Each structure stands twice: as C-alpha cells, then as structure tokens.
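Student: Here you go, one structure.
Protein chains in written order, with the numbering used here: chain L, 755 to 1471; chain W, 5 to 430.
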C-alpha cells in the first residue's frame, strides 16, 4: 500500500508499472509541490527497479488528465522560490525522460501546460478522441512561457515550424489536430486508450527525430518571420510569445542543461513583468466571474428548457445563434417574415463562420439551425421558457411588449431585456409581476464577447437574478452583476471615452492620431474606429439616453448629428470617420467629414491624447464604484476587458489606475479641469482615495481576487 | 364507426412551391422539420406528450430513410417518441391520419403528430440496372488490370439516368403512366378537352380568390438562404382558356387531351397535424378544430385508378358514412382534370354505380359549388405524400370559416385505390 495523495502506483505481473494520477480528494489533477515530490519518489523507485520494462501514466479523474501547474501557489512565490521550483520540475522531467524503460502517457482529458510538459518527457503520447481532450502549452496567454522543458522538447518533437504557432498562440489543440501536428502519437476512442497504451509499450524508447526546420539556418529564418508576425499581432504589448520563440530557437542550438537554464531565465524575467501579473490578474477575475453564479447554489432557480428571443435584429440573431449552438431550443420571433429572414441569415452566416473555423462540424451547425424556430406571430409561452427581448430601443414599445407577455405567460417564466441604455425600473411599470423582469445585456458581436451584464432592477426578484446568472454561466459566458443605472457598467464607462474621442476630433486632431493613441495604449481598436463599427446612430442613441439621465456628462459634438443626417453612420453605410470599401488594406479617413470641422487640423503628440481619454474613463469607472453600480473593482476590470477588449495586459482600468496612483490621477485631472472643462473634475471616490493614499483594490476589501481559495478553479486553460 | 374519436387539434403547412423552384434546395427532411417545428411552437404543447410521429411520403429519400424519425429528432421531439413513415401513394397523408386513429382506437396512444412531406425537386436520377452492376464490379476490383477491364465494360447508355419521379408515376402492374390512366378516363367518359381546361381554369380562379382564406393554414417557409416564402406559388393569375387551349397533350401526343395545364403540378410541400383523443384533449387543454368521423380505402382497376374516390364512397355508404348530399364541402383531389370530372360523372351515373359499384341507388351529385372551393392540386400543386393531409387541413379551415359541419375529403391513388375521409367540425 502506498500512501500517495497524487500518484497511485501499481506494479503488474508483466513487469510493467502504471501511475494513476488521482488526487485523494477527488479534485482535478494539478501539479503542485506534493505532486512533484511524489513524482520524484516514483521515478527513484523505477530507477532502482532494474526489472520493470514499461511505464504507463494515466489519469484516475474521469475528465481531466493533468491540467497544468497550480497557479495559486505559483503566484505567491518569490523569485528564489520560483527558480527552485522551475529547476526542480525540469530535473524531475529530465529524469523521467531518461528512464531505461518505455514510458507512455494515456491522455483521457485536458493535458495542458505542465501536464503536457510531463507528457513531452515520455516516449509516447496516446490521446482520447473526445473533443474535450485537448493538449497544449497555454502559458503565453498568461504572459509566461513553458518552464519545465516545454520550450526545449516541443520543437525537438514536432519541429520549430509547427511548434511556433502552438506555443506562441497558447491555444489548446484538439485531438485530431494534435495528431496531425505530431503533438501526440495516436488518437483512440477513450474506451480503447488503455489497450492502445499497452501496445505502445512494445514500441521501445523514442529516438530523436530529424526536422528540416530545426536546422541552424532554417530556424533563423523561421525565427525572423515568426517574430515579425508576432509583433504585428501583439503590437508589441505582449512579451511572452516573443520570449517563447526566442527560447525555442536558442534551445535548439544548446545542450540540455544550457537550454533549460535559458528557459528558466526567460521565465523568471517574464514572471517579474507587469504584463504577466496583469494577465494572471485577469485570469483570476475570469475565474471569479465564473463563480458568481455558482456561489449562490442551493437556492431555487428556474429551470430553462427553451428560450424565446423576441426581435430578430443583429442582437436577437446573434443571441439565437449562440444559444442554439450551445444546445438550447430557441423560438426566434419578430413581426415580419422579412425581419426573420434577416435574423435567420445572421444565424446562418455565423454558423457558417464557425464551421469554416472548425469550431462546429457541419452536422453540429445544422443541428443548431434546427433548434431555431422562426415565428412571426406570438406563440404560447410554456413552463420552462425564458424570454429574452431584443427589440428596438424604445421604452414605450418595450413596456407594451412586457405588459402583454406578462399577461399571457406562466408565472414562473422569467423575462430579460437586452437593452443597452434604458432603465429596467421604467420598463416594468405596466406589468402585473414586475419582479420577473431583469436585464441581460449581451455585447456585440455576441459570439465574440464573453461578457454579459446581468442587471438587477429595484423590483427584480433575487431568484430571477440567480436564474439569469446561472443561465449566463450555462451558455458559456461570464456575468457581471450590475445595478439598474444609466448605461450599466460597460457603456457607462465606454460612452464618455468615445465622446471624449469625438471631442478631440472636433478640436481638429487627426482621427488616425486619436485611434493610434489608444491602440498604442493597448486597446484592440481605436475609439473612432469603434464608433464606426457600432454605428453612429446606435452610439448616438446610447449617448443621448445617457446624457439625458446623467446630465453632468459631456455633450457629444454637434457634428455627430450632422454625420447622422448625411448618412455617415460608420461601416454599415460605407463611411463614418473612415471610408470603407470592399478592398482590404488601409482605411482612408473621411476627408469630406473632416472638412466639416470648423477647427483646423492639428497635430499632437499621442501621449496627451491617450491621457485625456483614459482619465475620463477612469473617472467614470470610479463613479461606478461610488454609486455601487457594481460591487467591486474586480467587476469593473473584468467587465471592461471582457466586454470591450480593454487592454488585458494592463489588467483593467482600475488596476491600471492603482498602478499610476490615485494622487497622480487626481492631480492630472484637476489640471485638465482648470485648463479645459468641468468634465475632468475628479469624482469624490477618487479624491478620497488620493487623500487617504489608497488604491481601489485595497479600499474595497471584499473585492480582492481570492488567490488562495479552492484549487479547483486554478487551472490553466 | 369507432367509439373513440380522433380530434384534430391544430395543423399547419408550408406554402406549396413548384418543384425546381423556391424550396428546391430543401430536402424532404428540411421541409418536414420546418413545418413540425412551426406547429409545435404555435400549439405550445410539450412535445414529450406525443405518442408517435407518423408521416406520409411517397418518394422517400435514400439519405433520409424513415423520414418521419429524421424529422421528429430534428424538430426537437424527444428521442423517446417513436416515429414511422407511411406510404399509400397519393393517400400517404391520409394514411398518417388514419393510422393514428386506428392506433388510438386500439388503445395504443392518445396524441400523435401526423402529416405528409414531399420534395419532388429532390427525387434522384437513377442509373440503369446494367450500370449499377458494373459499378459494383468496379468497386470490387482490386488490381489495376481488373479495374481497367471493369471500366471497359461501361457503355454510353449506362450513363443516361432516368428520373425516379417518372418511374414513381408509372404503375408497374399495368405499365401505364398516371397521365395515361387519365387519358383512358377522358375517352371513356367523353370528357372534352375544353371541359378539362375549363375545370383547370376554375381551379386557378378559386385558388387565387381563396388566397386570403388559405393564408391561415400556412406558415412561412425559409429557403436555403433564408428568404421567406409566404404563399403558394402554383396559381397563375394570367391563366385563361385560350392559353390552356394552346398547350399540347403530353401523355398521348397525337389524339390525347391531357395537358400540363389540366394536370396537377409537381410540387414541394409539407403538412403537419396534431391529433389526439377526446380524453387527451381534455387532459392537456387542447382545443379541437374538428374530428375524423369515418374513413375508407378501397381498390379498383389500376388502369382506371382515377375513379378511386367513387369506389371509396361506395364503401363509405356501406359502412354508414355521410352521403354526398349530407356534406357541406368536398375536397376532391385534382390529380387530373379529366380524372376529377370522371369521378363526378361516375357518382351520378346510374350505369356506373350499378355495374361497377353494385349500388341500387346512385352516389349522387357532387355539387360544384362546394367542391374544391379554394382551388385544387391543378392550381396549387400535388406534393404526392403531403396532399392527403393538405386536403384535410384545408377542409377543416374552410368549415371553420363557413361555420358549417361536415366535409368529405377524397382522392384517387396510383395503383388503383380510392380513399375518403369524413371530417366534422365540433
């Protein structure tokens, strides 16, 4: 009997040994200190055992093989401890790879990060064909690189050319793709994994492979091409992919111990970088958002078996597609067949894209389409339904709709509105049961944006809120719970920023300059480009609604109205701040529009521009906390990153603010307020922080992401 | 008469689309799924209460075998609900309804989803049998030599496929096409070309004037690129006696009178009905739009299959079904104008009723005022497997609009059969 808590060892009569990775507490397998200790012991046993002929590593967990390193321990180590841990792991894996017997990994589920590095140290890798059985090295997505020999071994196994996108991109790879790339040797149905592993034991030790792309000259060329493409993709904001490429290239020319040393050094320097700690912060924010719904378990929620999406516009269609692709039956309703035609073609083209990108099989995509029933007259609402409204943003129309739905729906059916700016407390006035209405604010495009704001109105029943949170989780999105307030969280912060960009433009700044200021800061898209994407009509409507409810906000420039009149609504009409054509390539600015400005075109440095737009945003973010729109800075940061793509490597606006310091922010804002306009007056919350010399995260104690809770959630994925 | 009565709870259909036209890219499964989903949504029932799905289809697609099961699963009906596809040629849609009634009467279920589906656009082309054995040999050939030699066996005629539709519309027992059986009736009942054309024109006129009336039975269909189709595209507003008269006969080119204009159209269509026993209606709070009070199927000469309805009515009289003068409306399927007119003539012919049907009293007159008041298959189209259910649906809706009680729905069946349903509104 061994008393191991991570690795169970079984010796068979045919002189083979099986290690079963299985935690005594039944949780998902992760690599922690105890795991490494037990691994070392098990290896020593085998080194001494001259009789054993083969080793199979399998998982005792039904779904997960080995999900990587335990991030909660990793994030709490100081550099010396970290270096020791890295060296310890590297040495252990090296000893594993140098065992005299044949080693086989029978991988039944996710095998990621350190888990895959363990598999790389074995002679053979056999993978289950189930789609959830993914392999890969996702460390770069956390701003790190594989530090347990992954950078050394992967290119030697599959060649630098294939290793580059796998490692630098950090995306987990599905079974058949993994076999094609050579990341695993064979793919089998899960049931025959064990058998296949036994057969693989007879194939002997792995011998080094020759790859043309690992030759000195070729790898230099690949390095240079790869570097250039990474720099364009990351705009230089993410050091990890570059570092991993560098280490892989160098490691090919070094012996093992030198290569491992190189890997450690780069890992340590990355771990110190603010990008890595911000990305790690964002990782924990996401995990936290996942738990928002789970933490309230035990209380009653409504079981949803079908969703009625009312309104087949861009949002309605996008929502219907997302739900149907996740297995939910959907009734898509609108007033006319023309509207439904449009909605259905939105769904069809989204499914087509998913098919092209290999996310859905042709069968799965047809099944998704089959789950959607278009209807152009009201159909009965039954128990188990859930209604999501996504019709035109007019309060009167919505009120009437909800009143009518309320009358004819069973009491248990919850309603949600996908409004982006209207108040729920005003929308439920004509309902007999106003407590069943909450908000579910999806972002456009639905299939790309992970965030959904769950809105709790004054009267919304807590059980309905729980149902909504659980629903968001179920459909694979992440929720932030917001109070019913103007613009909720994301638009509240985003709109003043966009308005500020438009004001800058009106002042005569070159639109490209404005956008460059923010992309250089790390936004995925400049604010004026974003306005074009959203559409000036939609953005104008939201801004107007927000200004109406929060009069202290800056007035949008009157030129925006002119753009609306001239039909320059952004990309959908072919012209906005930029001119759009079918041809790909550079976007020319809309010179006709620029001539409308009274101010002459000015040049400016980009730093002051970015600062102005950022400060407006930070101020509004602080106000969200002040007014308790959300309960914590984590919510703000997570919402902005997941809802708008706000520079993830800066960890969100409030974490960024903490990085600069409230005092500096307040000083800058007061100077701007004096020079320009009242809208730069810092809010009370910021002033208080500056006075007390505190940070957002330290001030709000309940909000700090809990790094040391259940290890279950600490999986690199 | 059965003690347990089958109620029709709700029903709907897709617009009928000319074959090769707007819905031609949808398979029979696609059409059926669309109509069943639409019916389930508007009826608001929980699909798990359905006892069986029964669908009629004549040209059952090779790639969707047991079409009813394919439709059932694709529509989101739980997999625990069984499904079968039924075939009685043009009466397949009837067959689905009456099998539900028989099953219910036997105490083997209370709620059924029935209907008929046909994609005549997607009926395949068939290779000659000689070619298929050569293909098999080619597949079995292993060595390069034997592959080349089996390839050499092919002849040009092996590559001229026959439309399966043409085969399907030919009766192998008498080797006559359906159109040729209509020519026989036109000759024997001396139905002139002009009378046939006039009947066809009437069908178009009624279909056009009834467009608003039939709207209630249709749900929009969305084609392969999601364009909506809202109404039947068969009826021609520009049809006239003169135009019909200009068409050449197609089944007997020299002396015939049956033309494309006075025959039913080749069409894609799908119909679904939700039917249930009286107890189930009460238990699940389902409204009934009508009930099936009686039905018959009977056989006749395959060469004169068009007279089938007369034989069915004679059998109906024997089992006590309502007489022709007791029904308020009649849906008589228009496979061919000559065939429908021959049925009407036969019913009032003493000679025919006596000699062929063995009746002492004629079946009676089919009052033209109440026959096919919203047009028939000549104008709307005849998606063979779906037509039976379509006629029943149309009859029930028309009874509702007229606030009348009884309807007779009858059609002729290739292979020499006749079928009739009697429906009653509550």
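All C-beta atoms in this analysis are idealised placements derived from N, C-alpha and C, irrespective of residue type, glycine included.
Please read all numbers here as calculations on a predicted model, not as lab measurements.
(1) For residue 1375/L and residue 1131/L, what's the separation of their Cα atoms in angstroms?
(2) Using a C-beta to C-beta distance shorter than 7 Å, which residues of chain L count as neighbours of residue 50/W?
(3) Flag this pair as touching only if the region 964 to 977 of chain L and the region 937 to 954 of chain L have three or more C-beta atom pairs under 8 Å; answer yes or no.
(4) Which whole-angstrom value describes the C-beta separation of residue 1262/L and residue 1125/L, a residue pair presumed to lie in contact below a C-beta threshold of 8 Å?
(5) Any beta carbon from chain W within less than 8 Å of residue 1095/L's own beta carbon?
(6) For residue 83/W, which of helix, strand or coil comes out of DSSP?
(7) Check whether chain W comes within 8 Å of residue 1173/L, counting only Cβ atoms and requiring the distance to be less than that.
(8) Relative to the alpha-carbon of residue 1349/L, which residue among 1313/L, 1055/L, 1321/L has its alpha-carbon at the smallest distance?
(9) Say whether the region 1238 to 1253 of chain L touches the region 1383 to 1397 of chain L, bearing in mind that this needs 3 or more beta-carbon pairs closer than 8 Å, one atom from each stretch.
(10) Listed in chain order, which residues of the region 204 to 224 of chain W have Cβ atoms closer than 9 Å to some Cβ of chain L?
(11) Output yes or no for whether 8 Å exceeds the beta carbon distance between residue 1347/L and residue 1341/L.
(12) Near residue 1109/L, what residues of its chain come up, given a Cβ to Cβ distance below 8 Å and the 5 sequence neighbours on each side ignored?
(13) Evaluate residue 220/W with the Cβ neighbour count: other Cβ atoms within 10 Å of its Cβ, from every protein chain shown; 16 or more gives buried, anything less gives exposed.
(14) Do you know whose CA, among 976/L, 1329/L, 942/L, 907/L, lies nearest residue 963/L's CA?
(15) Does the beta carbon of residue 85/W sit closer than 8 Å to a beta carbon anywhere in chain L?
(16) Give me the residue from 792/L, 1035/L, 817/L with the minimum Cα distance to residue 850/L.
(17) Name the DSSP bridge partner or partners of residue 272/W?
(18) Would you call the region 1156 to 1164 of chain L and the region 1179 to 1188 of chain L in contact, with 3 or more CB pairs under 8 Å?
(19) With hydrogens ignored, establish whether the beta-carbon of residue 1121/L is closer than 7 Å to any heavy atom of the ligand FMN.
(20) I need the DSSP call for residue 152/W, collapsed to helix, strand or coil.
(21) Can you name, in chain order, every residue of its own chain whose Cβ lies under 6 Å from the Cβ of residue 344/W, other than the five neighbours on each side?
(22) Could you have a look at residue 377/W and say whether DSSP puts it in helix, strand or coil?
(23) Using the C-alpha atoms, what's the distance from residue 97/W back to residue 1390/L?
(24) Taking Cβ-Cβ distances shorter than 8 Å, what residues in chain W pair up with residue 1083/L?
(25) How about residue 9/W and residue 295/W: are their beta carbons less than 8 Å apart?
(26) Between which two residues does the alpha helix (DSSP H) containing residue 1178/L stretch?
(27) At which residues does the alpha helix (DSSP H) containing residue 1123/L begin and terminate?
(28) Starting from residue 1269/L, find everything on chain W with Cβ-Cβ shorter than 9 Å and list it in chain order.
(29) Looking at the unbroken alpha helix (DSSP H) that takes in residue 764/L, where does it start and where does it end?
(30) How is residue 1400/L classed by DSSP in three states: helix, strand or coil?
(31) Could you spell out where the beta strand (DSSP E) holding residue 1233/L opens and where it closes?
(32) For residue 1027/L, which residues in the same chain have their Cβ closer than 8 Å to its Cβ, ignoring the five residues on either side in sequence?
(33) Check whether the Cβ of residue 145/W lies closer than 8 Å to any Cβ atom in chain L.
(34) With 16 other CB atoms within 10 Å as the buried threshold, where does residue 430/W fall?
(35) Would you grab the beta carbon distance between residue 903/L and residue 874/L for me? Rounded to a whole angstrom, and I think it's under 8 Å.
(36) Excluding five sequence neighbours on each side, which residues of the same chain lie with their C-beta closer than 7 Å to the C-beta of residue 1128/L?
Tutor: Walking through what the data contain:
(1) Position 621 of the first chain, counting from 1, holds the residue named residue 1375/L. Position 377 of the first chain, counting from 1, holds the residue named residue 1131/L. Whole-angstrom Cα-Cα distance: 42 Å.
(2) The residue you call residue 50/W lines up with position 46 of the second chain. Simply 1136.
(3) no
(4) Position 508 of the first chain, counted from the start, is the residue given in the question as residue 1262/L. Position 371 of the first chain, counted from the start, is the residue given in the question as residue 1125/L. About 52 Å; that fails the 8 Å criterion.
(5) Numbered from 1 along the first chain, position 341 holds the residue referred to as residue 1095/L. Yes, its Cβ sits closer than 8 Å to a Cβ of chain W.
(6) Taking the first residue of the second chain as position 1, residue 83/W is located at position 79. Residue state, collapsed to three classes: coil.
(7) The sequence position of residue 1173/L within the first chain is 419, counting from 1. For residue 1173/L, no CB of chain W lies under 8 Å from its own CB, so it is not counted at the interface with that chain.
(8) Sequence index remark: in the first chain, residue 1349/L carries index 595 (1-based). Answer by Cα proximity: 1313/L.
(9) Yes: the two stretches touch, three or more of their Cβ pairs being nearer than 8 Å.
(10) 223, 224
(11) Counting from 1 along the first chain, the entry for residue 1347/L is found at position 593. Counting from 1 along the first chain, the entry for residue 1341/L is found at position 587. Result no, Cβ atoms of residue 1347/L and residue 1341/L do not sit closer than 8 Å.
(12) Counted from its first residue, the first chain places residue 1109/L at position 355. For residue 1109/L, where only same-chain residues beyond five positions count, the Cβ hits under 8 Å are 1115, 1116, 1119.
(13) Here residue 220/W refers to the residue found at position 216 when the second chain is read from its first residue. Flag for residue 220/W reads exposed.
(14) Residue numbering aside, residue 963/L sits at position 209 when the first chain is read from its first letter. Selected option, being the one with the closest Cα: 907/L.
(15) Walking along the second chain from the start, residue 85/W turns up at place 81. Not one chain L Cβ lies under 8 Å of residue 85/W.
(16) On the first chain, residue 850/L is found 96 positions in, with the first residue counted as 1. With distances taken between Cα atoms, residue 850/L lies closest to 792/L.
(17) Here residue 272/W corresponds to residue number 268 of the second chain, with the count starting at 1. DSSP, once it has assigned bridges, lists 21/W, 123/W as partnering residue 272/W.
(18) yes
(19) The ligand FMN is not part of the structure shown, which contains no ligands of any sort.
(20) Within the second chain, residue 152/W is the residue found at index 148, counting from 1. Residue state, collapsed to three classes: helix.
(21) Along the second chain, one-based indexing puts residue 344/W at 340. The answer, listed in chain order, is 336, 338.
(22) One-based indexing of the second chain puts residue 377/W at position 373. It is coil, neither helix nor strand.
(23) Counted from its first residue, the first chain places residue 1390/L at position 636. Counted from its first residue, the second chain places residue 97/W at position 93. Each residue's Cα considered, the two are about 60 Å apart.
(24) For the purposes of this step, residue 1083/L is identified with residue 329 of the first chain, where counting begins at 1. Neighbours of residue 1083/L on chain W, chain order: 80.
(25) Numbered from 1 along the second chain, position 5 holds the residue referred to as residue 9/W. Numbered from 1 along the second chain, position 291 holds the residue referred to as residue 295/W. Cβ atoms of residue 9/W and residue 295/W: closer than 8 Å.
(26) Translated into the one-based positions of the first chain, residue 1178/L becomes position 424. Bounds of the alpha helix (DSSP H) holding residue 1178/L are 1178 to 1181.
(27) As a position in the first chain, residue 1123/L is number 369, starting the count at 1. Unbroken alpha helix (DSSP H) run through residue 1123/L: 1116 to 1124.
(28) Within the first chain, residue 1269/L is the residue found at index 515, counting from 1. Chain W residues near residue 1269/L: none, gap ~35 Å exceeds 9 Å.
(29) As a first step, residue 764/L must be located in the first chain, where it is residue number 10. Not the alpha helix (DSSP H): residue 764/L falls in the beta strand (DSSP E), residues 761 to 765.
(30) If you number the first chain from 1, residue 1400/L lands on position 646. DSSP places residue 1400/L in coil when its eight states are reduced to three.
(31) Taking the first residue of the first chain as 1, we reach residue 1233/L at position 479. Residues 1232 to 1237.
(32) Counting from one through the first chain, the residue named residue 1027/L turns up at place 273. Taken in chain order, the residues that qualify are 897, 993.
(33) For the purposes of this step, residue 145/W is identified with residue 141 of the second chain, where counting begins at 1. No, residue 145/W does not count as interfacial toward chain L.
(34) On the second chain, position 426 is the one that residue 430/W refers to. Its Cβ having fewer than 16 others within 10 Å, residue 430/W is exposed.
(35) Locating residue 903/L in the first chain gives position 149, counting from the first residue. Locating residue 874/L in the first chain gives position 120, counting from the first residue. Yes, they are in contact, since the Cβ atoms of residue 903/L and residue 874/L sit about 7 Å apart, within 8 Å.
(36) Residue 1128/L sits at position 374 when you count from the first residue of the first chain. So the list reads 1086, 1094, 1098, once near-sequence residues are dropped.
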